[in-house]
Amino acid sequence: MTHAQQILRSIEGRKNQGAGITRFREYLHTLQDPQLAFPTIHIAGTNGKGSTCNYLRSVFENAGYRVGIFTSPYLEAHYDRIRINDQWISEIDFVAYYERYHEEWENWGFGAFEIDTIIALLYFRDQGVDIALIEAGIGGRYDCTNVVCPLLCIITNIGKDHMDRLGDTYAQIAWQKGGIIKTGIPLICGEQRAEALAVLRRICEEQGSDFIPVSIPQEVNYDEDGLNYVAAGLTLHLACKAFYQVANSACALAALKLCQNRFHYAISDQNIQIGLAQAKWKGRFELMWDHPQIIIDGAHNEDGIRALCDSLRSMEAVRILFAALKDKQSDAMMTMLCEASDEVWVSEFDHPRCKPMRELAGDFPVQLAPDYRDVIEHTLTLADKPLIITGSLYFISVVREYLIERKQASISSME
């Protein structure tokens, strides 16, 4: 194991010790408040945060800006959480920050997510980004990313996830997510449920913040390369056939229009059209294999699966492979998946929180796949229908790596 790998293992093994956001802010003050050294957009929500960040990043980058982006969890490697213009922080830089500050982090009792947040803020400051897109972790109100003072906030949606920490009603979860709203800072809101909207509107009124609801376009046209819709007088193309990305890109569009008109960023409508069209977000309705189609999608909660199943309606018969974590509402997800396809496989993977496949399957009409790779090979052999692989982001990360290696081996054998 290399020194860098030892560091990552040390960080990833650190649990949140309850230092709290007040102490976190106090610590950042000892570093001259790196979170205030550059403009930010703060994004919270149950689903779609990463995709919305990526749409914003692509447009800002197309307009010539140097853009920091902090998201979680990682998909390919720990370093992909922290990027500038979609380039990961280097192992050398990451290790350098750790070596310089880790004793302080130990003394302050910071956990893994807090450490990653600190490194991201320092890196963005030191690299002189023009703007940073900061994705909240869990919730928002007490999340350590809530130390930023953003130009604007975005809440993509409110769903029932992490209910052990955030509450078990849409109103309670909305209150937690709405904690990112700050005095006088506008909120872009993609949520549509009245129960959650009432909470978010009230917080905005209390904070004197503009509440800017996002209207989700429903007239969508599909083509060979993705989908098209019209919003804000612009014809927009997304290189993805997942209908739920319309909502995420619409949130990004509303934020970009605000940046154009209120904050005077030099972003043209052409930058928006090109940036949205070029944006691709790994692990979200990502086409990994062409013939037969193999698509991976990190729909890891009830609302995510519902959005995925809505997108599958535009496809003919599909095969589905699913694996989940123990703390998820898997029965509701299984019900929707079985309604979307008459061939659903459930599997498991090497993770301490993975739900055993037999427990996941329950009494549902599904098939068991002790080794997820067997379902992939089965699909490649038959080439009879698309395979949709979904569930935990940890599962998607493992499967994605296998599919990349499998495709490379297939190409090499043909040369």
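Residue numbers (the working numbering): 890 to 1304.
Virtual Cβ for every residue (Gly too), placed ideally from N, Cα, C.
Could you tell me which of the options sits nearest to residue i, measuring between CA atoms?
i                  : options                            : result
phenylalanine 1284 : Arg1173, Lys1130, His991           : Arg1173
tyrosine 963       : Gln1218, Val1018, Ile1047, Leu897  : Leu897
serine 1236        : Ser1230, Phe1002, Val1255          : Val1255
asparagine 996     : Glu1294, Asp1032, Gly1056, Gln906  : Gln906
glutamine 1016     : Glu992, Tyr954, His1240            : Tyr954
leucine 1116       : Gly1122, Leu1123, Lys1130          : Lys1130
aspartate 975      : Gly1067, Asp1112, Gly1164, Ser1203 : Gly1164
leucine 1282       : Ser1203, Leu1226, Ala1212          : Ala1212
cysteine 1078      : Gly1068, Tyr1059, Pro1102          : Pro1102
In three-state terms, what does DSSP make of residue i?
i               : result
serine 1236     : strand
tryptophan 1170 : coil
aspartate 1112  : strand
glutamine 921   : coil
isoleucine 1074 : coil
valine 956      : strand
asparagine 1190 : coil
alanine 1155    : coil
glutamate 950   : helix
leucine 1033    : In the sequence as displayed, the identity of residue 1033 is cysteine instead of leucine. Helix at cysteine 1033.
histidine 1180  : coil
leucine 1022    : strand
isoleucine 1265 : helix
isoleucine 1185 : strand
glutamate 1175  : strand
Suppose contacts are defined by Cβ-Cβ distances below 8 Å. Is residue i in contact with residue j by that definition?
i               : j               : result
alanine 1136    : isoleucine 1105 : yes
histidine 1180  : alanine 1298    : no
alanine 1141    : alanine 1120    : no
isoleucine 916  : alanine 1168    : According to the sequence provided, residue 916 is tyrosine. The question's isoleucine does not apply to it. Contact: no.
alanine 1001    : arginine 903    : yes
tryptophan 1064 : valine 1088     : yes
valine 956      : glutamate 965   : no
glutamate 1080  : isoleucine 1047 : yes
threonine 960   : glycine 939     : yes
glutamate 1232  : isoleucine 1209 : yes
valine 1148     : isoleucine 1156 : This sequence places cysteine at residue 1148; valine is not what is there. Yes, the pair counts as a contact, with Cβ atoms nearer than the cut-off.
glutamine 1134  : leucine 1123    : no
Going by the DSSP bridge assignment, what does residue i pair with across the sheet?
i                  : result
alanine 1258       : Ser1236
asparagine 1117    : Asn1110, His1126
glutamine 976      : Ile973
glycine 1280       : Ala1212
leucine 1041       : Ile930
phenylalanine 1100 : Leu1076
Run the proximity test for residue i: is its beta-carbon closer than 7 Å to any non-hydrogen atom belonging to the ligand ADP?
i            : result
leucine 1040 : Ligands in the displayed structure: none, and consequently the ligand ADP is not present.
Exercise. How about the stretch 1276-1291 and the stretch 1154-1174: do they share at least three Cβ pairs that are nearer than 8 Å?
Worked result: Yes, the stretch 1276-1291 touches the stretch 1154-1174.
Exercise. Can you find at least 3 beta carbon pairs, one from the stretch 924-935 and one from the stretch 1029-1044, that sit closer than 8 Å?
Worked result: yes
Problem set entry | Any 3 or more C-beta pairs closer than 8 Å across the stretch 1187-1200 and the stretch 1253-1267 | no
For this session: Spell out a yes or no on whether the stretch 1083-1100 and the stretch 1063-1075 are touching, meaning 3 or more CB-CB pairs, one atom from each, closer than 8 Å.
Result: Contact holds: three or more Cβ-Cβ distances are below 8 Å.
For this session: Spell out a yes or no on whether the stretch 1142-1152 and the stretch 1230-1245 are touching, meaning 3 or more CB-CB pairs, one atom from each, closer than 8 Å.
Result: no
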